[in-house]
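See below for the structure under consideration.
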Amino acid sequence: MTMDKNFDVSPVGDRQIRVTRDFRAPIERVFATMTESDLLRQWLTGPPGWSLVTCEDGLAVGANFRFQWKGPEGELMTMAGRYEEFEAPRRIRRSEDFSFGGGPAMMGHMATLELSPSSDGHRTHLVITLDYVDEQARDGALASGMGEGMQAGYEQLDRVLASA
Amino acid sequence: MSADTLSRTLTALADPTRRALLTRLQAGSATVTELAEPFAMSLPAISKHLKVLEKARLIERSREAQWRPCTLQAAPLREVADWVLAFKQIWEANFKKLDDLLDRLDEDGKDRP
């Protein structure tokens, strides 16, 4: 596909990581895929070999959510948090903390998801901003193999580094 | 590159003065005095930054010459770039799945918004 999707992932300032992407669908539908569990399961699968097995989501200001992914060896990764803002279909702000196996929650981040429609309404622009408490936490998240908790991404990282 | 090494590289890069020093060194080797010139900082302060860069192996300081010129070492920078690429690839893999899902919803989705 040659369509420009404006995909970018970059550190911003000292404490943030920003992810941007365009989708060829109306804003309501993109919002649905990011909030409805049966749709989330179909794409937010994490690294290769993983799947989203638990998807409890309050979808309201003050409500909690809890996602759990299962890896190829049966390992579990959990992302949980609470909504600070929930304005369908444009804006969500929530805390996201990660834990692995039955371990304690690791310091996470605040995630802000913003959707905006193109002028013709056929496309949607996504901006995800991850706010960390300080520079060290942000860099630590980057360094620890993805603040997104994509621990299994290490394997992919190894491959990339091996071919560097 | 281990996570520790990566962490050290990122920490070294996190400081604007150290990034400016690296940018200056892209133009060629320089002594501490030369590097300190454009900055409103003392030589010891600059030396401290250079030590962080040296520890992260982003620069090399000659042991032979008395004035110990600093030279940029590009390898860790390249590895960080590759690593960010790996980070992006994981996001993009999921987003591509989302593209496919949105296409499917578009085809059979009269009942969807």
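First to last, the protein sequences are chains A and B. The numbering of the first sequence is the working numbering, which starts it at 1 and goes up by one. The numbering of the second sequence is the working numbering, which starts it at 165 and goes up by one. C-beta atoms are modelled at their ideal positions from N, C-alpha and C, and glycine is treated no differently.
Here F31/A has A88, P89 and L115 as same chain residues with Cβ atoms under 7 Å from its own Cβ, once five neighbours each way along the sequence are excluded. For R221/B, the CB contacts under 6 Å within the same chain, skipping 5 residues up- and downstream, are Q237 and P240 in chain order. In this structure the segment 37-46 of chain A does not touch the segment 17-28 of chain A; the number of beta carbon pairs closer than 8 Å is below three.
Within its own chain, the residues whose Cβ lies closer than 6 Å to the Cβ of R66/A, once the five positions on either side in sequence are excluded, are E56 and A80, listed in chain order. Within chain B, the residues whose beta carbon sits less than 7 Å from that of P47/A are I254, listed in sequence order. If you keep only unbroken alpha helix (DSSP H) runs of at least 4 residues inside the segment 39-121 of chain A, you get nothing at all. Taking C-beta separations shorter than 7 Å and ignoring five residues to either side along the sequence, the partners of S95/A in its chain run G81, R82, G108 and M110, following chain order.
Taking the C-beta atoms as reference points, H125/A is found nearer than 8 Å to D22/A.
Around the CB of T197/B, fewer than 16 other CB atoms lie within 10 Å, so the residue is classed as exposed. Under the Cβ distance rule, D272/B does not count among the residues neighbouring chain A, no pair being separated by less than 8 Å.
No residue range can be given for F203/B, since it is assigned to no alpha helix (DSSP H) and is classified by DSSP as neither H nor E. Chain A has no Cβ within less than 8 Å of the Cβ of L186/B. Contact of A200/B with chain A is not assigned, every C-beta pair being separated by 8 Å or more. Beta-bridge analysis with DSSP links I17/A to P11/A and L130/A.
Residue contact check for D14/A against chain B: a CB pair falls below 8 Å. Within chain A, no C-beta atom comes nearer than 7 Å to that of L217/B; the closest sits roughly 15 Å away. Check the Cα spacing between L189/B and each of D263/B, D270/B, E228/B and C234/B: the tightest is with C234/B. Near chain B, meaning a CB-to-CB distance below 8 Å, the residues of the segment 14-28 of chain A are D14, V19, R21, F23, R24, A25, P26 and E28. DSSP, read as helix, strand or coil, puts D264/B in helix. Taking a contact as a CB-CB distance under 8 Å, the pair L217/B and L185/B counts as one, their CB atoms being some 7 Å apart. Note on geometry: alpha-carbon atoms of N64/A and G192/B lie some 54 Å from one another. When secondary structure is reduced to three states using DSSP, A238/B falls in the coil class, being assigned neither helix nor strand. Across the segment 73-85 of chain A, no CB contact with chain B closer than 8 Å is found for any residue. Annotation: Cβ neighbours of F7/A in chain B (cutoff 9 Å, chain order): K252, W255, E256 and F259.
Assignment of E135/A by DSSP, reduced to helix, strand and coil, places it in the helix class.
For L115/A, no CB of chain B lies under 8 Å from its own CB, so it is not counted at the interface with that chain.
With 16 or more other Cβ atoms from the protein chains shown falling within 10 Å of its own Cβ, T33/A counts as buried. Not a single CB atom of chain B sits nearer than 8 Å to the CB of Q68/A. In this structure, S37/A is the residue among S37/A, G102/A, T129/A and I17/A with its C-alpha nearest to the C-alpha of L52/A.
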